[in-house]
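For reference, the structure is listed below as structure tokens.
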Amino acid sequence: MTIRPPPPSRPPCWACRTRTVLIGVVLVITAFVILAPLASIFFEAFSRGLAVYGESLARPDTLHAMWLTLLAALVCVPINVAFGIAAAWTVTKFTFPGRGVLLALIEVPFSISPIVAGVAYLFVYGAQGLLGPFLQANDIKIMFAIPGILLASLFVTAPFVAREIIPLMMEQGREEEEAAVTLGASGWRILRTVTLPNVRYALLYGAALCNARVMG
0 MTIRPPPPSR PPCWACRTRT VLIGVVLVIT AFVILAPLAS IFFEAFSRGL AVYGESLARP
60 DTLHAMWLTL LAALVCVPIN VAFGIAAAWT VTKFTFPGRG VLLALIEVPF SISPIVAGVA
120 YLFVYGAQGL LGPFLQANDI KIMFAIPGIL LASLFVTAPF VAREIIPLMM EQGREEEEAA
180 VTLGASGWRI LRTVTLPNVR YALLYGAALC NARVMG
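Number 30 in numbering that gives the first Met the number 0 belongs to position 31 of the sequence shown; there are no gaps in the numbering.
The structure is reproduced here in structure tokens:
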């Protein structure tokens with residue numbers, strides 16, 4: 000006598016309806032919030048033909064804007080990668096007073112509007128700001144110039160790398176680094192051969208997010 004397995008149970012009707020509704024909501028939101036604006040941008044950009052689009056890219060103002068964007072990425076991404084590694088190493092491998100405050104400060108650029116950050120920089124580096132008289136006396140221009148663009152870009156992108164690798168380094172703990180110390184490895188060698196290989200994918204992802212934010 001052969002025992003047949005029971006037929007697979009079907010999900011209840013309410014589960015099917017819920018799934019259909021959720022999929023529909025996601026598709027509608029994606030279409031109107033993401034796809035429609037992107038399609039509109041591409042349509043307007045190429046509405047007069049590729050020749051006009053190429054001429055627009057060749058304008059001096061466009062080339063200057065592209066050069067500034069590339070410069071900001073080339074400057075900000077390496078600095079933020081170094082800052083992210085240093086911050087993550089500090090808060091995950093050492094215990095010290097104010098560690099929680101440092102973690103909160105790393106998240107500050109995510110919670111402050113870029114407009115507010117720009118006003119804060121004006122209060123410090125503007126003509127009437129805290130360092131304004133000193134900068135004017137030495138003919139140093141920061142605001143409304145390339146240094147101001149770089150400072151603003153550094154501020155808004157500072158947390159990306161650190162935020163990606165800090166949770167991973169916390170999860171991994173300190174055992175491998177402590178073992179390397181007992182074997183006589185230097186701090187730089189531990190960072191290069193133990194810590195960074197364990198977080199390389201998170202580091203690359205954070206650097207990519209940082210670059211995308213600068214480019215945007």
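Where a beta carbon is used, it is the ideal one built from N, C-alpha and C, also for glycine.
Here V90 has R98, L101, L102 and I165 as same chain residues with Cβ atoms under 7 Å from its own Cβ, once five neighbours each way along the sequence are excluded. Contact between E174 and V193 is ruled out by a C-beta separation of about 10 Å, above the 8 Å threshold. Comparing alpha carbon positions, the residue from G147, P108 and I111 closest to L121 is G147. Look at T94 here: in three-state DSSP terms it is coil, with no helix or strand label. In the three-state reduction of the DSSP assignment, D138 falls in the coil class, being assigned neither a helical nor a strand state.
For M214, same chain residues with a beta-carbon under 7 Å away, outside a window of 5 residues either side, are T68 and A72 in chain order.
One alpha carbon belongs to V51, the other to L62, and they sit about 15 Å apart. By the criterion of a C-beta distance shorter than 6 Å, A87 is surrounded in its chain by A161, I164, I165 and M168, once the five residues flanking it on both sides are discounted.
Classified as exposed, G48 has fewer than 16 neighbouring CB atoms from the shown chains inside 10 Å of its CB. The beta-carbon separation of I189 and A179, rounded to 5 Å, stays under the 8 Å limit for a contact. Inclusion of V107 and N210 in the CB contact set at 8 Å is not warranted, their separation being larger than that value. N79 places its beta carbon less than 8 Å from that of L153. Here T181 is exposed: its Cβ has fewer than 16 other Cβ atoms, across all protein chains shown, within 10 Å.
A straight line joining the alpha-carbon of P113 with that of F143 spans about 15 Å. Residues of the same chain with a CB within less than 7 Å of the CB of S55, apart from the 5 flanking positions on each side, are T61 in chain order. DSSP places I84 within a helical segment (H, G or I) once states are collapsed to three. Taking the CA atoms as reference points, G53 sits about 26 Å from I145.
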